[in-house]
Ligand SMILES: Nc1ncnc2c1ncn2[C@@H]1O[C@H](COP(=O)(O)OP(=O)(O)O)[C@@H](O)[C@H]1O
Ligand SMILES: [Mg+2]
């Protein structure tokens, strides 16, 4: 059996503050197979970025991290010094939202792309050929000319594609992309992501793609994990999850997507506001917004339990599956409806 690209078990993260500590991750479990892509989706503040940062030891200073993170079998939480540099430079590639923060403005694109290879004493001619191929793969037709240009001569969108090529260049085990295309317009976003996906798939690099956009994750990734309040509340293969969601939060996110083919006067949203992991005490974290909550949900945190297609953290997922209960957000959301659950 091959070792997964990424294996996270019961990841908990607490940020130490001047007055009190704040819980940020409350037990994240995630496995990403070799060459597989997983979308990590959820509203702002659900812990997506912190999960990625923990993988490469970039949690805020003073954070307390527990659980286990393995990248290609190696303990990432224990990595220090040279092992950590190898993890960040070779095993894991980070794709940032802002390429200008990652690319040295004073050096030509070609030098930027070949830098790591030069430092490692590798065959520069071979790396250069591969770099040009990757730029082509990212849809950059005049790659040779771009190699001799400086970052200020290029648009943000072009630099973003160059940065992605640079991250793929050392053939990492895993790339971590945190809202990498949010600064681009919507059609360019999915184009860039699909090109990235083709290239990383061809070389067997796995990917965790963080986004608040469920549609984008479903379009690009083979698996999608939905986060809420510092936990994964549902995970499954993208197409199956789209058709057979088993957690009310996933159902709500699917229902609140803007329609592609027709215009609605109002897009239905999930009523209420997201719960911060720091405010979670007991029971189900989605309780206050859930239209099908029952008394048990106030007392007992649901475990991430197998469903027909993946896993879900809901006491009623079997009833959702059988159709004996339906999840309708339009019927809830009033203050009165929330009062009786709390
Ligand atoms: N540097 C920090 N110090 C303290 N708390 C933080 C810090 N960064 C993020 N948080 C908190 O951690 C939680 C998760 O944040 P984050 O992972 O960035 O969410 P997401 O990426 O899903 O929007 C949020 O509630 C946020 O307020
Ligand atoms: Mg984030």
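Residue numbers (the working numbering): 255 to 596.
All C-beta atoms in this analysis are idealised placements derived from N, C-alpha and C, irrespective of residue type, glycine included.
Give the secondary structure of residue 294 by DSSP, where H, G and I count as helix, E and B as strand, and everything else as coil.
-> Strand at residue 294.
Contact set, ligand 1 heavy atom to C-beta under 5 Å = Going along the chain, the residues that qualify are 269, 278, 298, 299, 300, 301, 302, 303, 304, 314, 530.
Selection from 379, 345, 414, 312 that minimises the alpha carbon distance to residue 351 | That would be 414, whose Cα lies nearest to the Cα of residue 351.
Identify every residue that forms a DSSP beta bridge with residue 276.
-> Beta-bridge partners assigned by DSSP to residue 276: 269.
Inter-residue Cα distance where the pair is residue 266 and residue 289 = Cα-Cα distance, rounded: 26 Å.
With contact counted as at least three CB pairs below 8 Å, one residue from each stretch, are the region 454 to 471 and the region 530 to 538 in contact?
-> The answer is no - the region 530 to 538 does not touch the region 454 to 471, with fewer than three Cβ pairs under 8 Å.
In chain order, what residues of the same chain lie with their CB nearer than 6 Å to the CB of residue 305, ignoring the 5 residues before and after it?
-> The residues are 282.
Thinking residue 419 and residue 392 are a contact (beta carbons under 8 Å), I'd like their distance in whole angstroms, please.
-> Going by Cβ atoms, the distance from residue 419 to residue 392 rounds to 5 Å, so yes, they are a contact pair.
Which residues in the same chain as residue 584 place their Cβ atom closer than 6 Å to its Cβ, once the five residues preceding and following it in sequence are excluded?
-> Within the same chain, residue 584 has no close Cβ partners at all.
Hey, residue 195 and residue 491 are a contact pair by Cβ (cut 8 Å); roughly how many whole angstroms apart?
-> One cannot answer for residue 195 here, as it falls past the ends of the chain, which runs 255 to 596.
Using 10 angstroms around the beta-carbon of residue 316, count the other beta-carbons present and answer buried if the total reaches 16, otherwise exposed.
-> With fewer than 16 Cβ atoms within 10 Å of its Cβ, residue 316 is classed as exposed.
Note down the Cα distance separating residue 268 from residue 319, rounded to an integer number of angstroms.
-> One C-alpha to the other measures close to 7 Å.
In terms of DSSP beta bridges, what is residue 560 paired with?
-> 565.
Report the three-state DSSP secondary structure of residue 587 (helix, strand or coil).
-> Legend: pLDDT at residue 587 = 48, less than 50; position of this residue unreliable, value from coordinates given subsequently. Note: residue 587 maps to coil in three-state DSSP.
Hey, is residue 570's beta-carbon within less than 8 Å of any beta-carbon in chain D?
-> The displayed structure is made up of one protein chain only, and chain D is not part of it.
Are at least three pairs of beta-carbons, each pair with one atom in the region 568 to 584 and one in the region 495 to 514, less than 8 Å apart?
-> A contact exists between the region 568 to 584 and the region 495 to 514.
Taking one C-beta from the region 335 to 347 and one from the region 306 to 314 each time, how about it: are there three or more such pairs within less than 8 Å?
-> Judged by Cβ distances under 8 Å, the region 335 to 347 makes contact with the region 306 to 314, as three or more pairs qualify.
Would the C-beta of residue 432 count as close to ligand 2, meaning under 7 Å from any of its heavy atoms?
-> Within 7 Å of the C-beta of residue 432 there is at least one heavy atom belonging to ligand 2.
Would you kindly work out how many angstroms separate the C-alpha atoms of residue 426 and residue 480, rounded to a whole number?
-> Computed Cα separation, rounded: 25 Å.
Distance between residue 567 and residue 559 (C-alpha atoms, nearest Å) = About 6 Å.
Per DSSP, which one or two residues make a beta bridge with residue 465?
-> According to DSSP, residue 465 bridges with 295.
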